Structure formats: C-alpha cells, structure tokens
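Listed below in structure tokens is the structure:
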C-alpha cells in the first residue's frame, strides 16, 4: 500500500506566459513542503477567451521554454508537477495539441497526455484549431500510487475514466479550464463525483478561475465523498490519497468486478 499528498492549484492564466509562470513558480514553492505532486489547470501556459489564431501563435514544443521551466522547478523543489500547455504539432492543418505534461522531481519529462475530447460545445469550437488525441489511457506512478490523466471536457465521457480504472489507477487527475457558464459549475462537481463513484477511485479535478473559467476545483474520494473543494478564488489545496483507501472502497463497492460486460455488447457485434 502507498500514499501521496497532492496539491492542486487553481488560478487564472492569461496571455502573458511570464505572468503565468510566475504564478506557477510561487505555487510550487509554497506547496513543496507539504505535497509530492503539484497539479495545475488545463492551459496554464497560455489562455485567452477567443478560439483560433492566438492559440496557434502561442504554441510551444515539448522542449520549449514552458516545459524547461517546469523541469527546473520540479528539480529545485523535489516534487512532481502536472500542468497544461498548448503544444506545437506537425499537423498539416497547422493545429495544436491541448497537452498536459508530467515532470518528475529529477526534472525529467516523464509523461504527456493530449486531450481526447475537444470542447465543441456551449458555442465554443476547440476542434477548429486543436488536434484530438487518440492514445488512451495514460497514467504514471507516484511512489506506488497510480495516477491517471484526463483533461476538462474528457470528464463528460465515462469511457475515458473507465479505461483508466481498468488500467489500475488509484487517482484520476483532471486539469481543466471549466467555462464560467451558468449551470456548469454544478455539472462540474456532479461529474467529478460520478467519475469517482463509478470507478471507485479518487478524482482530483482542477480548474482555472475567472473570469473565463469557474474555479471550484474539487477532490473526491473513492466512495464519492468530496474531501476538499475550492471556491472561485485563486488557491492551493492539499489532499492526502491512499491506495489502501481505494482497496477498502472496492471491497465495499465491488461494482468494477460486478460488471456483466457481455450485456453491453450490441447483438450485431457478438
């Protein structure tokens, strides 16, 4: 059995990358003594409200300045860092990737997750400038705790979380820039609790704050109980997670093992 301390920082990133990095730098320094993993939202490198060209212009490669700074910070403070960025790609249409990177305490880039479900909803068209990823699931080891990644809109698709649960994760971390649209704040919490409950694992869902995004980051335990929640203001919250808690919860609620997978297969493909 293993445990870990996860800090999740919500803040409002903007178009000035240096300002965003300063906020990240301060949060890592603040959390380093009390956390093993520090998680930042989707698009922490760069954010504007308008879809399209600004994102293309701001994109960086994985060996660019943003990831280099994260690697230096992780090594300096001895923590693992998860943060969202806009990644330059070789897409023939010039589109970017909505990417979350994982950097180890040694300063190594140990993982990359690219958003699978693009936010073509509520009047926004992320697919106009972003390439959807096909590779799933993605997870990494944090001193014996298995951490899976999804990004924002992915939370609405239970199949993504179920793939991670079947891959053996203990915690699903979901960096997001959850849009500040009336009614969506309630959906955010309900979806986080649903993904935790149905997969009997922790969920740590971390959103940017206003004015573009809603904040209200939340951590949920494997039985669906909210164990920490932020408001709409910039903040850092630390939660403890334990694989023993996941194992105990899966004994109480063995729904992952009670599935009858055959009944979900359409007759025409049996």
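In my numbering, the protein residues as written are 5 to 274.
Every residue, glycine too, gets a C-beta built ideally from N, C-alpha and C.
Keep in mind it's a predicted model, so treat the numbers as computed, not measured.
Considering only the alpha carbon of each residue, which of 100, 155, 204 lies closest to residue 44?
The residue you call residue 44 lines up with position 40 of the chain shown. From the listed residues 100, 155, 204, the smallest Cα separation to residue 44 is found for 155.
Which residues share a DSSP beta bridge with residue 89?
Against the chain shown, residue 89 aligns to sequence position 85. DSSP output for residue 89 lists 103 as bridge partner(s).
When DSSP labels each residue in this structure, what does residue 239 get in the three-state scheme?
Here residue 239 refers to the residue found at position 235 of the chain shown. Residue state, collapsed to three classes: strand.
Considering only the alpha carbon of each residue, which of 83, 103, 80, 53 lies closest to residue 63?
The residue you call residue 63 lines up with position 59 of the chain shown. Nearest option by C-alpha distance: 103.
Whether or not the stretch 64 to 80 and the stretch 94 to 112 are in contact is what I'm after, with contact meaning three or more pairs of Cβ atoms, one per stretch, closer than 8 Å; do they touch?
As far as the Cβ criterion goes, the stretch 94 to 112 touches the stretch 64 to 80, which means the pair count is three or higher.
Leaving out five residues before and five after residue 234 in sequence, what residues of the same chain have Cβ atoms less than 7 Å from its Cβ?
In the chain shown, the residue the question calls residue 234 occupies position 230. The answer, listed in chain order, is 14, 219, 220, 221, 241.
Rank 32, 130, 96, 67 by C-alpha distance to the C-alpha of residue 58 and give the top, closest one.
Taking the first residue of the chain shown as 1, we reach residue 58 at position 54. The residue from 32, 130, 96, 67 with its alpha-carbon nearest to that of residue 58 is 130.
Tell me the DSSP secondary structure of residue 70 in three-state form.
The count along the chain shown starts at 1 and reaches residue 70 at position 66. Three-state DSSP puts residue 70 in a helix.
Can you give me the start and stop residues for the alpha helix (DSSP H) that residue 201 sits inside?
Taking the chain shown and counting its residues from 1, one reaches residue 201 at position 197. Its alpha helix (DSSP H) spans residues 188 to 203.
How should residue 119 be labelled, buried or exposed, when 16 other C-beta atoms within 10 angstroms of its C-beta is the threshold for buried?
In the chain shown, counting from the first residue as 1, residue 119 sits at position 115. Residue 119 counts as buried, since no fewer than 16 other beta carbons sit within 10 angstroms of its beta carbon.
Alpha carbon to alpha carbon, how far is residue 254 from residue 216? Give it in angstroms, no decimals.
Within the chain shown, residue 216 is the residue found at index 212, counting from 1. Within the chain shown, residue 254 is the residue found at index 250, counting from 1. Straight-line Cα distance between these residues: approximately 37 Å.
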